[in-house]
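Worksheet: the structure to be examined is printed underneath.
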Amino acid sequence: MDDATKLNYLLNKHYMSGVEIIHAFGFKTSSMITNMRTGKSNIATVHKEALERHFEIPTIIFDESITTKNEIKKQIESYRKTLKHAKQKKELQEKILQKLEEAELIPKDIFNKNFQKRGALDSYIREHKTMLLKQSDSKEEPKFSNPIFPKNEKLFEKLKGIWYGYVYPSNPASAEHGIWEVKTIIGDDYSVVDQPWGNKGYLKLGKNESLIIKESYDHDDLTTIRFSNRQVPSEHFRFVVISNQNHTLNEMVNFGFFSRKRYPLEEAKEILGDRESKQLKLDIAFNERLTQKAVVPQ
Numbered sequence: 001m002d003d004a005t006k007l008n009y010l011l012n013k014h015y016m017s018g019v020e021i022i023h024a025f026g027f028k029t030s031s032m033i034t035n036m037r038t039g040k041s042n043i044a045t046v047h048k049e050a051l052e053r054h055f056e057i058p059t060i061i062f063d064e065s066i067t068t069k070n071e072i073k074k075q076i077e078s079y080r081k082t083l084k085h086a087k088q089k090k091e092l093q094e095k096i097l098q099k100l101e102e103a104e105l106i107p108k109d110i111f112n113k114n115f116q117k118r119g120a121l122d123s124y125i126r127e128h129k130t131m132l133l134k135q136s137d138s139k140e141e142p143k144f145s146n147p148i149f150p151k152n153e154k155l156f157e158k159l160k161g162i163w164y165g166y167v168y169p170s171n172p173a174s175a176e177h178g179i180w181e182v183k184t185i186i187g188d189d190y191s192v193v194d195q196p197w198g199n200k201g202y203l204k205l206g207k208n209e210s211l212i213i214k215e216s217y218d219h220d221d222l223t224t225i226r227f228s229n230r231q232v233p234s235e236h237f238r239f240v241v242i243s244n245q246n247h248t249l250n251e252m253v254n255f256g257f258f259s260r261k262r263y264p265l266e267e268a269k270e271i272l273g274d275r276e277s278k279q280l281k282l283d284i285a286f287n288e289r290l291t292q293k294a295v296v297p298q
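Quick note: the sequence shown, position 62, residue 62 per our numbering, numbers continuous.
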């Protein structure tokens, strides 16, 4: 099966029209195409490459090993399928990169840079991450000239280190003595980690009250702890915590206290007083009434 026969097959099967191939080959008239179809003119490599570039016809079909129309068809289908997958992969990668750029996780001008070495690229990304960390505090409250969470190094120095938190659990049976002792560590970078569970979060210092926001280690729920700054210097201060009840999505409000001193659990319970007065749990009937009023999203 010679090249002229293969070209005729392509045109007869409407992979492209005569007019389209004239433009692709850069011819002014159809006479050169006619000569190629009749075998009077050779189909040069540049023409085969034009077929691949403009019509997704792989140059391999002109190889001597391809001898049947069915083989030509299979080669074209396989090549176009490969091109389609490559295009889809590229579009997905571009979409991901666009989202990363929009989130400022990578520098917006990174694709305009000419990085000759991998190390230069890594260094550029590290510098960008460092810049984002420095800007993170200011970006949280861009509309406030008087920030909600101002710097307060004096207070922070009094908060850094280890605290012991005491609070009643939502289910008394979940704690051996009916009370939780939570060792809480506030780091130099405002990070907060508790033990024994390993929940992690961060500290935000307000003008009069401050917050500890933590994410649970096993199901990503948020716990928010609010306390008064005035009591911190005494090394004993109460807090109110908003969290979910054990293994549910039902919220509860709980009062407890932090101390630099580690107390025997029975003495901590004496300080707290009775459990019922320290907790407010979600009213399930209220939640059901609210659910009945909910609008189904469109």
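The C-beta atom is built at its ideal place from N, Cα and C for all residues, glycine as well. Note that this is a predicted model, so its numbers are computed, not measured.
Candidates the options: closest to residue i by CA position
i    : options                : result
K207 : V295, F149, T224, N42  : F149
L265 : E276, R289, L290, E181 : E181
M301 : S234, P233, K281, S277 : Residue 301 is absent from the model: the chain starts at 1 and stops at 298.
D2   : G39, N35, I185         : G39
K261 : N254, K278, Q279, E235 : E235
I66  : M36, K6, I212, K13     : K6
K160 : E20, M131, P233        : P233
L203 : H14, E77, I186         : I186
I179 : G201, H47, E276, N287  : E276
L51  : K81, I76, F286, K69    : I76
H54  : F25, G119, K74, S78    : F25
N152 : L205, K13, I162        : L205
E56  : K69, T82, M131         : T82
Cβ-based neighbour list, residue i, same chain, cut-off 8 Å, excluding 5 preceding and 5 following
i    : result
P196 : K183
E246 : It is worth fixing the name first, because residue 246 is Asn in this sequence and not Glu. Around N246: P169, S170, N171, S174.
E49  : T59
A4   : M36, R37, T38, G39, I43
G18  : L11, S30, I33
N250 : N244, K281, L282, I284, N287
Y15  : F55, I57, I76
Burial state of residue i, where buried means 16 or more other Cβ atoms lie within 10 Å
i    : result
S210 : buried
I21  : buried
G201 : buried
V296 : exposed
V192 : buried
D194 : buried
A309 : The structure shown does not extend to residue 309, since the chain is modelled only from 1 through 298, so no value can be given for it.
K214 : buried
F286 : exposed
P142 : Note on P142: pLDDT 49, under 50, position unreliable in the model; the coordinate value appears next. Flag for P142 reads exposed.
H85  : exposed
K139 : Only weak support exists for where K139 lies, its pLDDT of 48 falling under 50; the value from the coordinates is given anyway. Classification for K139: exposed.
H47  : buried
I212 : buried
Cβ shell of residue i (< 6 Å), same chain only, five flanking positions each side left out
i    : result
G198 : Y217
V240 : R226, F255
S228 : E209
S41  : N35
H177 : L265
F237 : F227, Q231, F258
Residues near residue i in its chain [Cβ-Cβ closer than 7 Å; skip 5 each side]
i    : result
I72  : K6, Y9, I61, I66
F156 : L205
L100 : I106
T291 : none
The segment 74 to 94 contacting the segment 30 to 49, beta-carbon criterion three pairs below 8 Å: no
At least three beta-carbon pairs within less than 8 Å, the segment 257 to 274 to the segment 161 to 168: yes
Start-end ranges of the alpha helix (DSSP H) lying completely within the segment 49 to 119, minimum 4 residues: 69 to 102
Inter-stretch contact (C-beta, 8 Å, three-pair minimum) for the segment 234 to 254 and the segment 217 to 225: yes
What are the complete alpha helix (DSSP H) segments, minimum 4 residues, inside the segment 152 to 183? 153 to 159
In chain order, each beta strand (DSSP E) run of at least 3 residues that lies wholly inside the segment 234 to 284: 236 to 244, 251 to 259, 279 to 281
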